[in-house]
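Heads up: the sequence shown begins at 1 in this note's numbering, then just goes up one per residue.
This report refers to the structure that appears directly beneath it.
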Amino acid sequence: MPAKKTTPDFILMIVTFMLLAVGLTMVYSASAIWADYKFDDSFFFAKRQMLFAGVGIITMFFIMNVDYWTWRTWAKVLIIVCFVLLLLVLIPGIGNVRNGSRSWIGVGAFSIQPSEFMKLAMIVFMAKFLSEKQKLITSFKKGLVPSLGLVFLAFGLIMLQPDLGTGTVMVGTCVVMIFIAGARISHFVWFGVAGLAGFVALVLSAPYRIKRITSFLDPWEDPLGSGFQIIQSLYAIGPGGLFGLGLGQSRQKFFYLPEPQTDFIFAILAEELGFIGGSFVILLFALLLWRGIRIALGAPDLYGSFLAVGIIAMVAIQVMINIGVVTGLMPVTGITLPFLSYGGSSLTLMLMAIGVLLNISRYARY
């Protein structure tokens, strides 16, 4: 293995901490009113997010110092453990139900979401598979079917919860990795047609998903029902203007936008910090993706390149979907904004992924 550099990518680390700082600030600002009303403690969510951030940072620094080849050795174990967790979460009494989804294992606010960790485990496993079987990836039967078969098995278990958002991010990430590995576009066309048919079937199988599609097309058709969230989100973004109403001055967090500290935190950020604040956050994500792409291009081997590509694709897809939903460009789905939205599993997972990326950067040549 090539000699390791003494320091990881400094810019990537700084950008990560900047996003984390913005996230902690906005979680408190967005949740203070709701937390004070529900728990009689305006810092309820902020304190837990700080705890998750602390655990995540410690984990990130630990992983940053673990050679990324280690994860190749443990790839099969990681994927099996995550599959077991996905099965356990479906068992009543073990899996906890929140907002209609049985997606958590644990007690109260300190539960974990197995589907979040499956995203990273799948990236690690796919990087191993693609680096070892890259010559076969152009073969439909020997390369594409085995790789996507495992992905769709995990997707099926995630959909039993159900959690379409997390499943979509995982599938999208793996598709990007397989495409980068050299899979034929013609093969993707066939899978795309099958995937579109499956997506339509999933939408038609659940009335609430149909409502999300119709509310995306015309939220005012049901302004107090399926269109409520997106309307309130746009009501938050609009008044923000260029400079925003000021930090802490959001109006929509006063029980208009449901649980604004989670999926719709970007709407509160845009309301309080305006176009300038929202653009600054998007710029930070762009910088993070740029550094990640440089690391992927400079990685000393295929495994490191595929691993870096998977991590960057996961972050990019999640950011695009979340901001697309908040701004009304996509139908509503439960996707957190990396590093900003409240959620222990999501935040810890993202910081772990950055830790892996930082370790690859210690070997990269660029």
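Each residue gets a CB set at the ideal place from its N, CA and C atoms; glycine is no exception.
When the five nearest sequence neighbours on each side are left out, the beta carbons in the same chain lying within less than 6 Å of the beta carbon of Q261 are those of V27, A30, S31, F45 and Y342, in order along the chain. Taking C-beta atoms as the reference points, V319 and F285 count as a pair closer than 8 Å.
If you look at N322, you'll find it isn't in any beta strand (DSSP E); it sits in the alpha helix (DSSP H) that goes L302 to V326. Between T16 and the set A53, L136 and K141, the nearest pair of CA atoms involves A53. Judged by their CB atoms, T166 and K135 are not nearer to each other than the 8 Å cut-off. For A21, the closest alpha carbon among the candidates M352, V66, L347 and R365 is that of L347.
Annotation: V281 to L288 spans about 11 Å, alpha carbon to alpha carbon. The beta carbon of V55 lies closer than 7 Å to those of T348 in the same chain, with the five residues before and after it left out. Counting C-beta pairs closer than 8 Å gives three or more between the region 63 to 81 and the region 122 to 136, which meets the contact rule.
Separation of the CB atoms of P162 and S101 is rounded to 6 Å, and the pair is thereby assigned contact status at 8 Å. Two segments are said to touch when three or more pairs of C-beta atoms, one from each, lie closer than 8 Å; by this definition the region 85 to 99 does not touch the region 55 to 64. Per DSSP, reduced to three states, the secondary structure at R294 is helical. For N359, the three-state secondary structure derived from DSSP is helix.
Going by C-alpha positions, L269 is about 42 Å away from V145. Positions of the beta strand (DSSP E) runs, each at least 3 residues long and wholly inside the region 98 to 151, are given as 101 to 105 in order along the chain. Note that the region 315 to 330 touches the region 166 to 181; at least 3 beta-carbon pairs, one per stretch, sit closer than 8 Å.
Ranked by Cα distance from N359, the first of F61, A35, Y37 and K47 is F61. For I14, the enclosing alpha helix (DSSP H) has its first and last residue at F10 to F39. Taking all protein chains in view, the Cβ of A308 is crowded by 16 or more other Cβ atoms within 10 Å, so the residue is classified as buried. Nearest to F83 by C-alpha distance, out of T7, K128, S111 and L160, is L160.
Here G149 is exposed. Its C-beta has fewer than 16 other C-beta atoms within 10 Å. For G182, the three-state secondary structure derived from DSSP is coil. Annotation: Q113 to W104 spans about 5 Å, alpha carbon to alpha carbon. A distance below 8 Å separates the beta carbons of E271 and G244. DSSP lists P92 and I105 as the beta-bridge partner residues of G95. In terms of Cα proximity to R98, the closest of E259, F266 and R362 is E259.
Check the Cα spacing between L153 and each of F140, K142 and T168: the tightest is with T168.
Distance from the CA of D9 to the CA of W71, rounded to the nearest whole angstrom, comes to 20 Å. Around the Cβ of A194, a 10 Å sphere holds fewer than 16 other Cβ atoms; the residue is exposed. Closest by C-alpha distance to F254, out of S233, G241, G274 and L242, is S233. In the three-state scheme derived from DSSP, where H, G and I count as helix and E and B as strand, S42 is classed as coil.
In this structure, the alpha-carbon of F275 lies about 11 Å from that of F266.
Looking only at Y68, A197, G198 and V325, the smallest Cα-Cα distance to P219 is reached by V325. About 6 Å separates the beta carbons of M350 and F339, which is inside the 8 Å limit, making them a contact pair.
By the CB criterion at 8 Å, I323 and G292 fall outside the cutoff. Boundaries cannot be given for L337, as no alpha helix (DSSP H) includes it and DSSP labels it neither H nor E.
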